[in-house]
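Enquirer: This is the structure, below, for whatever I ask next.
Numbering (our numbering), first residue to last: 475 to 710.
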């Protein structure tokens with residue numbers, strides 16, 4: 475019996491609804507990983523450590539059973555060479571100079587340029603609670619983080635929080651942390667490691683490393699200890 479109502483074929487109803495659902499589920503353009511990652515890599519590669527000069531002040535606090543040792547070290551990079559300015563406000567000793575030369579020879583000059591290799595390993599993107607875009611690195615590339623004697627990069631993962639300057643993305647904060655326990659020199663078991671690097675725009679509008687904090691905890695021969703580092707960069 476014809477009731478006077480017209481029935482639309484099912485596809486005319488389902489397909490538009492399905493299309494709208496798929497569009498809603500598709501990632502927004504601003505959350506596409508590749509364009510953001512590639513822009514940051516290009517910008518970082520354009521930064522040359524030979525074009526900057528700075529003083530680096532490191533406050534290190536070592537903790538252990540009955541021990542709390544604080545050292546303040548001032549180092550200088552002139553664009554070509556490192557120099558050790560002072561240790562606890564005094565001229566460095568011969569032994570301190572030897573350790574300093576060994577450490578600076580083993581580690582690259584810090585700076586925004588180093589994010590080029592790091593960001594190439596980013597494989598995911600998300601948005602944090604403040605609406606900022608975050609690039610995630612599951613495992614840091616070799617050589618990213620070194621101690622005096624070891625490359626610990628493979629034990630670390632990272633997150634880069636992005637900001638924008640005139641529509642151009644840059645890394646405002648990089649946080650790396652251990653995703654597993656690991657050993658140093660077969661003696662020290664590291665149970666926690668976290669390092670945060672903050673970047674600020676310089677007078678030329680380009681990002682540069684402003685400060686770093688690092689905290690590590692571990693044990694050796696049953697004794698538990700740790701170290702906290704606070705680093706600031708003053709550009710000249």
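A virtual CB, placed ideally from N, CA and C, is assigned to each residue, including glycine.
#1: Going by beta carbon distance, what residues of the same chain come within less than 7 Å of residue 643, once the five residues before and after it are set aside?
#2: Got a sec, what are the start and stop residues for the alpha helix (DSSP H) residue 702 sits in?
#3: Give a yes or no on whether the C-beta atoms belonging to residue 609 and residue 634 are separated by under 8 Å.
#4: For my contact list, residue 546 and residue 531 are in at a C-beta cut-off of 8 Å; report their separation, rounded to the angstrom.
#5: On the CB-based measure, 16 or more other CB atoms within 10 Å of its CB, does residue 654 come out buried or exposed?
#6: How would you call residue 614, buried or exposed, if buried means at least 16 neighbouring beta carbons within 10 angstroms?
#7: Answer with buried or exposed for residue 697, where buried requires no fewer than 16 other C-beta atoms within 10 angstroms of its C-beta.
#8: Is the separation between the beta-carbon of residue 708 and that of residue 529 shorter than 8 Å?
#9: Can you give me the start and stop residues for the beta strand (DSSP E) that residue 519 sits inside?
Expert: Inspection of the coordinates gives the following:
#1: Hits under 7 Å: 510, 513, 514, 636.
#2: Per DSSP, residue 702 is not a residue of any alpha helix (DSSP H); the beta strand (DSSP E) it occupies stretches across 697-709.
#3: Yes. Within cutoff.
#4: Taking C-beta atoms under 8 Å as the contact rule, residue 546 and residue 531 qualify, at a distance of about 7 Å.
#5: Counting Cβ neighbours within 10 Å, residue 654 comes out exposed, since fewer than 16 surround it.
#6: Within 10 angstroms of the beta-carbon of residue 614 lie 16 or more other beta-carbons, which makes it buried.
#7: Note on residue 697: under 16 other CB atoms within 10 angstroms of its CB, so exposed under the neighbour-count rule.
#8: Result yes, Cβ atoms of residue 708 and residue 529 sit closer than 8 Å.
#9: It is not in any beta strand (DSSP E) - residue 519 instead sits in the alpha helix (DSSP H) that spans 507-519.
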